[in-house]
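Asker:
In the working numbering, the protein residues as written are 608 to 740.
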C-alpha cells in the first residue's frame, strides 16, 4: 500500500473518534419572542438584572447540575516496523467515576417584555435541556 492510502486510513479512523457537540442554536432561538412571564414560569426568578437607557431589560438565569460519569480512556496508536500498522483502542470504564458540575447561564434581553436577544454560556448538552415547550 502507498503512503497516501495509509494517511487516508489514519485520517478516517481519527475522524471516527471525533465527538459530536450538541447544537443549542434551535433551543436558544425558540425563546425569541417569549414573554418575561413565560421565562420566569419555566426557569424561576433571574439571578441578575439590569437595564439599558433605551428601556431594554437584561435578565440572567444560572443553573448547575452534577454530572457523574465513568472514566473513559480512548486511545490510538501507530506502529512502524517492517510494515505499517494502525491500532485503535476504545477505552472502557475503569470503574472509577468522576463527579463534576455542568452549568448553563442564559442572559436574555427583553424589549416590551419580549425576548429580543440572548446569550447562552455553558455546557451545550446541559443548556439544551432548557427547551421552550
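No residue lacks a Cβ here, since even glycine has one placed at the ideal position from N, Cα and C.
1) So, helix, strand or coil for residue 681, using DSSP?
2) Name the DSSP beta bridge partners of residue 657, please?
3) Could you tell me the alpha carbon to alpha carbon distance between residue 736 and residue 632, rounded to whole angstroms?
4) Going by DSSP in three states, residue 719 sits in which element: helix, strand or coil?
5) So, helix, strand or coil for residue 652, using DSSP?
6) Have a look at 722, 723, 733 and flag the residue whose alpha-carbon is nearest the alpha-carbon of residue 707.
7) Secondary structure at residue 735, three-state DSSP: helix, strand or coil?
8) State yes or no: is the C-beta of residue 739 within less than 8 Å of the C-beta of residue 667?
9) Looking only at C-alpha atoms, which of 639, 655, 634 sits nearest to residue 724?
10) Roughly how many angstroms lie between the CA atoms of residue 629 and residue 643, to the nearest whole one?
11) Residue 718 to residue 728, Cα distance in whole Å?
12) Taking 8 Å as the threshold (C-beta atoms), are residue 669 and residue 647 in contact?
Answerer: Let's see:
1) Here residue 681 is taken as the residue at index 74 of the chain shown, counted from 1. Caution applies to residue 681, whose pLDDT of 46 falls short of 50 and renders its modelled position unreliable; the value that the coordinates give is listed next. In the structure shown, residue 681 sits in coil (DSSP, three-state: anything other than H, G, I, E or B).
2) The sequence position of residue 657 within the chain shown is 50, counting from 1. For residue 657, which the question treats as bridged, DSSP gives the partners 665.
3) For the purposes of this step, residue 736 is taken as residue 129 along the chain shown, with counting starting at 1. For the purposes of this step, residue 632 is taken as residue 25 along the chain shown, with counting starting at 1. Residue 736 and residue 632 have their C-alpha atoms spaced approximately 12 Å apart.
4) Along the chain shown, read from residue 1 onward, the residue named residue 719 stands at position 112. Residue 719 falls in the coil class under three-state DSSP.
5) Translated into the one-based positions of the chain shown, residue 652 becomes position 45. Here residue 652 sits in coil by DSSP.
6) Within the chain shown, the letter at position 100 stands for residue 707. Among 722, 723, 733, the Cα nearest to that of residue 707 is on 733.
7) Here residue 735 refers to the residue found at position 128 when the chain shown is read from its first residue. Coil.
8) Numbered from its first residue, the chain shown carries residue 739 at position 132. Numbered from its first residue, the chain shown carries residue 667 at position 60. No, they are not a contact pair.
9) Within the chain shown, numbered from 1, the residue matching residue 724 stands at position 117. Of the candidates 639, 655, 634, the one whose C-alpha sits nearest the C-alpha of residue 724 is 639.
10) Residue numbering aside, residue 629 sits at position 22 when the chain shown is read from its first letter. Residue numbering aside, residue 643 sits at position 36 when the chain shown is read from its first letter. Going by the C-alpha atoms only, they are around 26 Å apart.
11) As a working mapping, residue 718 is identified with position 111 in the chain shown. As a working mapping, residue 728 is identified with position 121 in the chain shown. Going by the C-alpha atoms only, they are around 21 Å apart.
12) For the purposes of this step, residue 647 is taken as residue 40 along the chain shown, with counting starting at 1. For the purposes of this step, residue 669 is taken as residue 62 along the chain shown, with counting starting at 1. Not a contact, by the Cβ cut-off of 8 Å.
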